[in-house]
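*Asks:* Here the UniProt record's numbering is used: position 242 in the sequence shown is 242, and no number is missing along the way.
Glycine included, C-beta positions come from ideal geometry on N, C-alpha and C.
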Amino acid sequence: MSSSPEDDVPQRNGSRSNKRQCDFHPYGDLILIFVAFLILLIACESVPISQSVNLFDLHDLTTGGTIKFGVWGFCFLDRPVNRDYIVNLCSTTGLGWSFSHIPVLTGLETAISTTATSLLVFHTIACTWSFLTFLLTLALSLRPTLYHRWTDRAAGRMKASRSNFCVSILVHPLLFSSVAAVLTTLTFIIDLSIVLATSTKVKQQSNGHIVVSWGSVTWIVFLAALILWLITILFLSSRKQYVAFLHRVLLFLAPKNQSSSRKE
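#1: Residues bridged to Cys90 by DSSP?
#2: For my contact list, Leu58 and Gly215 are in at a C-beta cut-off of 8 Å; report their separation, rounded to the angstrom.
#3: Based on the DSSP output, what are the partners of Val211 in its beta bridges?
#4: In chain order, what residues of the same chain lie with their CB nearer than 8 Å to the CB of Trp229, ignoring the 5 residues before and after it?
#5: Taking the DSSP output, what are the residues bridged to Thr66?
#6: I'd like to check one pair, Leu95 with Trp129: are the Cβ atoms closer than 9 Å?
#7: Please determine, among Ile220, Leu234 and Val211, the residue with the shortest C-alpha to C-alpha distance to Leu61.
#8: Measure from the alpha carbon of Ile31 to the alpha carbon of each residue in Thr137, Ala43, Cys75 and Thr66, then state which is nearest.
#9: List the endpoints of the continuous alpha helix (DSSP H) containing Ile194.
#10: Distance check for Ser46 and Ile233, CA to CA, integer angstroms please.
#11: Between which residues of its own chain and Pro173 is the CB-CB distance below 8 Å, once the five residues before and five after are set aside?
#12: Between Leu223 and Val35, what straight-line distance do the alpha-carbon atoms span, to the nearest angstrom?
#13: Count the other C-beta atoms from every protein chain shown that fall within 10 angstroms of the C-beta of Pro48, then say buried if there are 16 or more, exposed otherwise.
#14: Pull up the distance between the alpha-carbon of Glu109 and that of Ile190, whole angstroms please.
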């Protein structure tokens, strides 16, 4: 006779040695996810919030002035010569800026657009999602039985609905870390594209009088992307967890009539 899943529940709950533990790497994953979140948070605190973190700089070789650009705006490092109409050293903090907002960059209005810089909002999206991934992993590390409770409820001993399957899949750390890695990689591509395109256009339109230099934001985001992909690989390296995740996905995608035919 084969024992039913219900018969195994008292045995598992009866001994502490067989108590189900969390299959994740709680300490390593938590540290890496938190570090990735902090790195993305630093990137979000760029110019004009913090002048030490910037996307790129513009150096005017004629006047010696330098303008720092970040996710939320720009700052004048040095006040250009004979430009008394420049009152504020930094712009207001906001999303979507262009060179047309800066009078000293006349002739470079088409070097960068407001639409392109509006895509920098992905910095906030990637940072927020990484924080949610950290909270989920922290909750599962503090209460290892929490996810197994969701799993048992989703499996439902062959009585659960498809909505419960969906919940067990959506709250899996593997899915959260994968989405965080993809969002951060997309953010890095956006930063890279903006700096490269701006550097090329500024060099052509200024005849070499203005030079673009890379900032730290692009490489900070790149480091966060590497860490998040490493976390995803660590989740995938756990064979039990990976197989369990695929099993829940297949059960969710399986037609309902298969489960009904099994009962018959």
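*Replies:* So, to answer that:
#1: Taking the first residue of the sequence shown as 1, we reach residue 90 at position 90. According to DSSP, which records beta bridges pairwise, Cys90 is partnered with Cys75.
#2: As a first step, residue 58 must be located in the sequence shown, where it is residue number 58. As a first step, residue 215 must be located in the sequence shown, where it is residue number 215. Incorrect: roughly 11 Å between the Cβ atoms, too far for contact.
#3: The residue given as residue 211 occupies position 211 in the sequence shown. His59, per the DSSP bridge assignment.
#4: Here the question's residue 229 lines up with position 229 in the sequence shown. Once the five neighbours on either side are set aside, the close Cβ partners of Trp229 are Ala181 and Thr185.
#5: If you number the sequence shown from 1, residue 66 lands on position 66. Answer is His59.
#6: Residue 129 sits at position 129 when you count from the first residue of the sequence shown. Residue 95 sits at position 95 when you count from the first residue of the sequence shown. Taking 9 Å as the Cβ cut-off, Trp129 and Leu95 do not qualify as a contacting pair.
#7: As a working note, residue 61 is residue 61 in the sequence shown. The candidate whose alpha carbon is nearest that of Leu61 is Val211.
#8: Walking along the sequence shown from the start, residue 31 turns up at place 31. When each option's Cα is compared against that of Ile31, the closest is Thr137.
#9: Residue mapping note: residue 194 aligns to position 194 of the sequence shown, counting from 1. Where Ile194 is concerned, the enclosing alpha helix (DSSP H) stretches over Pro173 to Gln205.
#10: Here residue 233 refers to the residue found at position 233 when the sequence shown is read from its first residue. Here residue 46 refers to the residue found at position 46 when the sequence shown is read from its first residue. Taking the straight line from one Cα to the other gives about 30 Å.
#11: Here residue 173 refers to the residue found at position 173 of the sequence shown. Same-chain partners within the cutoff: Phe24, Asp29, Thr133, Leu136, Thr137, Leu140 and Phe235.
#12: Position 223 of the sequence shown, counted from the start, is the residue given in the question as residue 223. Position 35 of the sequence shown, counted from the start, is the residue given in the question as residue 35. Rounded to the nearest angstrom, the two C-alpha atoms are 10 Å apart.
#13: Taking the first residue of the sequence shown as position 1, residue 48 is located at position 48. It counts as buried.
#14: Position 109 of the sequence shown, counted from the first residue, corresponds to residue 109. Position 190 of the sequence shown, counted from the first residue, corresponds to residue 190. Taking the straight line joining both Cα atoms gives about 20 Å.
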